[in-house]
Amino acid sequence: MALLLHRIGRFAYRRAWLVIVAWVIALGALLGAGLGLGGQLQDSFAIPGTESQTAIDQLAAVFPQTAGASAKAVIEAPEGDTVDSAEARAAIEDMEAELEDLDGVASVLGPFDEYAGDQVSGDERTAYIQITFDGQVTDVTPEMLDAVTATGEIGETAGLEVAFGGDVFQETSFGLTVTEVFGVLFAAVVLIITFGSLLSAGMPLLTALVGVGAASGGILIVASFATVSSTAPMLAVMIGLAVGIDYALFILSRHRNQLARGQDPEDSAAEAVATAGGAVVFAGLTVIIALLGLLVVGIPFLSVMGVGAAFAVLIAVIGAVTLLPALLGVFGKRLAPKPGSRAHRRANAADDGGKPTMGRRWVDLVLKAPVVFVVLVVGLLGAAAIPAASLDLNLPNNAGTPGSTQREAYEMIESGFGPGYNGPLIVTVDITQTTDIFDDLDAIGAQLAELDDVAYVGEGLPNETVDTAIIQVVPESAPDTPETKALVEEIRELAPSIEAEFGTPIAVTGYTAVAIDISNRLADALIPFALIVVGLSIVLLLMVFRSVFVPIKAALGFLLSAFGAIGVTVAIFQWGWFAELLHVEPGPILSFLPILLMAVLFGLAMDYEVFLVSGMREEYVKTKEPRTSIVHGFQHAARVVTAAALIMFFVFFAFVPEGSGVIKGIAFALAIGVAFDAFLVRMTLVPAAMALAGKAAWWLPAWLAKRLPDVDIEGEGLRAHLEQEERAAARPAAINLDEAVFGLAERPIGPLAVEVPAGGVLVVRGEPVDRRVVAATLAGRLAPVSGLVAVQGTPLPTGQGRVMRHVAMAEVASDAPTGTTVGELIAARLDATRPWYRLGVSGSQVREWTERAARALGAGSPAADGGAVVPRFDDDTPLSSLGAEARTVVAVAAALAERPRLVVLDLDDEPSGASAELWSALADLVPATVTLIVGVGTDASTPDASPALAARGIRTLEPVSRSLEAHR
């Protein structure tokens, strides 16, 4: 992967404006499409398969009038007056009439109508009108809502206070307030302090903002075709902004340090993308896995939030490894720290000399008494987690934001009727098996009224087909209280006895019932979610660090951070500590906050683990000294990790004071979680724990080491590749071998050394297995064991893909299938390598290569009249009718049809297989720019028989495996 990222970084640097223009086009297309399609955000808490959702779906089918979006017009009379007065009553009835005439309104139920429920308060000062729309919430336009609220002027003219509430008035737009902008400004200050340069500080901000814009556009496009909650884009913006800045920060920091040490800007950009960018890719992949783990919960709105945030992280990663190096290419050497500046001195400071940095002083302090720091961190985070034991989960209520008409209506209902009227329960009754419908419904209602915490039970209302009835049950307590949750459970426990007595199955639904079902679904999904997310991430960290201790320690440290963050969130958002300072209204914690926090925080925690510990591993690989590796790796990464954590904290915390009700708690928990994880766990607990573990921190069982791929995020393989590439460039040749060993480590062939010029011939003479292993390796099909193996200047094995594109294998079939023709063989090779935009193989190409093969075989054999060479075959000639020599020439022609730079051919061991006539034909057929690799037996004749091939330059290798050599 490091080599791929190196090439991406170099391409973006060299083609800077091309990459930048591509990003501008992509950003414009996504945002333009998202805004143009006009997708609406909708807070839908549907959870298919639960009792409450099944009941809602049933009501939509049998009670269509209850399926539409709803609203309430709440009317309150002045102090000392009542809504039952003649003037107030007339105004209310006029409002009803006006509402009934509005487009999109399906029904209006006033407080004084015949079928009205308990719609007038006990003191007769408050009443409400129930409004039902034709369509769902997304079908209700702002113009329709304006028309509804305009009817309030009728009541206000009569001296009444009017407010409107309901799900249609929920705020579903999203945008950044001034406090979120302050978060970005704080991040900019941290970047300026970190880099000491305004130009450098602006780059991470620019790439992050572009990524957030692209991600927001993508989410808006999805909102045009699917249900997307208003929280999803805000969560994506918050996370995308934080990780976008951080990922660019890590790569840019590495680039500037390399520039300060005198490295060429282009080489530095490519290497920074390959090394720091590798850590970014794996850190981003961990975050994405954690967020996509929300899909296992099975709650649609939560899945959409996870996918949206994961998309924002993916865009941030792509931006960091493409857009950022393009910007580095635009500004070039101007990003290098000035000689004598603090950034220049830090980059060139020795690990153990000069004035120690703050990071060095801190890690030295931690390593003086690692046990003490482990106990302190565990104790502190354990104490912070104590409030989590009283965690009370629920969905956000419909109170709306302070100052909105929805909040006014909510508070008027609560003060006039009681808190339970803001969240009534609906009990559905299957009445298909009863003949005494109204008496049974009255009896069921009476049993429901006897339950604790019931304020009001409405009359049973059958539908038009008399197969289902509904009973409204109003709790005494607010929708998000434990008492209302208990009432829902009591109704469900009462259901079996009601069905046994009346033969009428019942189900309970409504806002509170949905909240309970979501909480239960989340509780059931928490363990599999944790296993999937933590398990996959541990596997990733195993591959990255090749250690058992590091990923397990990382996961355990994350649990400390997560529970500590949840505990502090409970203390403030549920208990009310410092609530006024943070503009927080105390109440239950969002039911999906813990699992969402686990998903996001785990990914972010692994970011810091990768960036911090990768430096330690890089030092350990070089020195094998665990303590020194901890010190040097920590001091190199401490400054940039600190800056990254501060940026994340400020960006997240900026959403707390003025953020929406849902996003506020999530942002606070993430901000505290990042602070706990970065500063207490990663920068204190990690070095202390690794110091206690010593060399065991890097232990990996041998059997596991063989099975894990080496992802090389430290760039060791990349550096070896670049060294070999430099060696190959110093001695240009089509094939360059130096101390090259082929085969397998347990059965090596070599070492071998040779240089073959472009257009030359390499003869590999030896036993069939040995020469074919060497030929396959030079063709990029096998990896060499060691040494320098370069083909067309590309080292192997890192450049296998590029070599395979330039090398063609001439496959000589000793027994050609009956009926296969020369043209079909050549056409098959042309078809396998044709560009995607060509629909088929050109017949003229097939004939061209057939004729070239025939002319090569006829070279020096003029016709009887001394004219043109007589061809021996055409494209319709069956292969089975040709001799061995002709089939070999045809196979080489088919390989040359791929337009390669090298052709590999292996001949039989029979001495007659390599005749002088064959060498002469190959000299005529193979272009002078194409290098020929030929495997022959030990007794076969060599290409020296052809003066034309000899003039190109012939080199010979005689590979022998060491085991065979020892046997001899």
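Numbers 0 to 967, taken from numbering that gives the first Met the number 0, label the letters of the sequence shown in order.
Every residue, glycine too, gets a C-beta built ideally from N, C-alpha and C.
Residue i vs residue j beta-carbon contact at 9 Å
i    : j    : result
G164 : Y455 : no
V507 : V472 : yes
L101 : I128 : no
A892 : F872 : no
I588 : A578 : no
G509 : I470 : no
G419 : P478 : yes
L486 : V453 : yes
A271 : R253 : yes
A696 : S590 : no
P336 : G195 : yes
L234 : M304 : yes
V640 : R359 : no
M605 : A241 : no
V279 : F310 : no
M411 : E160 : yes
A286 : I238 : At residue 286 the sequence reads Val, which differs from the Ala that was named. Yes; because the gap between Cβ atoms is below 9 Å, this pair is in contact.
A468 : I436 : yes
V802 : P958 : no
Presumed contact (8 Å Cβ cut-off) between residue i and residue j, rounded CB distance
i    : j    : result
E113 : D83  : Not a contact, Cβ separation roughly 16 Å.
V784 : L743 : 7 Å
E617 : T627 : No, E617 and T627 are not in contact; Cβ-Cβ is about 12 Å, not under 8 Å.
A54  : T321 : Not a contact, Cβ separation roughly 50 Å.
E884 : E916 : 7 Å
A692 : F548 : 5 Å
D391 : P324 : D391 to P324, Cβ: 48 Å. No contact.
Alpha helix (DSSP H) segment containing residue i, residue limits
i    : result
E745 : Premise fails: E745 is in no alpha helix (DSSP H) and is neither H nor E.
K71  : From DSSP, K71 is part of no alpha helix (DSSP H) but of the beta strand (DSSP E) over S69 to E75.
A578 : Per DSSP, A578 belongs to no alpha helix (DSSP H) and is neither H nor E.
D438 : I436 to A448
V902 : No alpha helix (DSSP H) holds V902; the beta strand (DSSP E) holding it covers L901 to D905.
I517 : Y510 to F544
P324 : L323 to F330
K484 : P481 to F501
T832 : V821 to T832
S843 : G842 to L856
D93  : A85 to E99
A554 : F548 to T568
F10  : A1 to R13
E916 : A915 to L924
E897 : Neither: E897 is in no alpha helix (DSSP H) and is coded neither H nor E.
Per DSSP, cross-strand counterpart(s) of residue i
i    : result
G952 : G952 pairs with nothing; no bridge assigned.
A977 : With the chain running from 0 to 967 in the structure shown, residue 977 is simply not present.
F741 : I748
L455 : The residue asked about is misnamed: residue 455 is Tyr in this sequence, not Leu. Beta-bridge pairing links Y455 to V473.
N393 : L589
I505 : V428
T776 : In DSSP, T776 forms no bridge with anything.
A468 : V428 and P461
E754 : N735
P877 : T820
S960 : I748
Endpoints, the beta strand (DSSP E) within which residue i is located
i    : result
A162 : E160 to G164
R764 : V760 to R764
Q129 : T125 to F132
G934 : T930 to V935
Q57  : Note, Q57: premise wrong, no beta strand (DSSP E); alpha helix (DSSP H) at E50 to V61.
S106 : V104 to L108
A807 : V806 to A809
A235 : Unbroken run through A235 is the alpha helix (DSSP H), T230 to A259; no beta strand (DSSP E).
D429 : L424 to D429
Q) What are the complete alpha helix (DSSP H) segments, minimum 4 residues, inside the stretch 349-383? A) Those alpha helix (DSSP H) runs which fall completely within the stretch 349-383 and span 4+ residues are 357-367 and 369-383.
Q: Please go through the stretch 648-708 and give each complete alpha helix (DSSP H) segment of 4 or more residues, from N-terminal end onward.
A: Fully contained in the stretch 648-708 are the following alpha helix (DSSP H) runs of length 4 or more, in chain order: 660-674, 685-692 and 701-706.
Q) Where are the beta strand (DSSP E) runs, 3 residues long or more, that stay fully inside the stretch 180-229, in chain order? A) If you keep only unbroken beta strand (DSSP E) runs of at least 3 residues inside the stretch 180-229, you get nothing at all.
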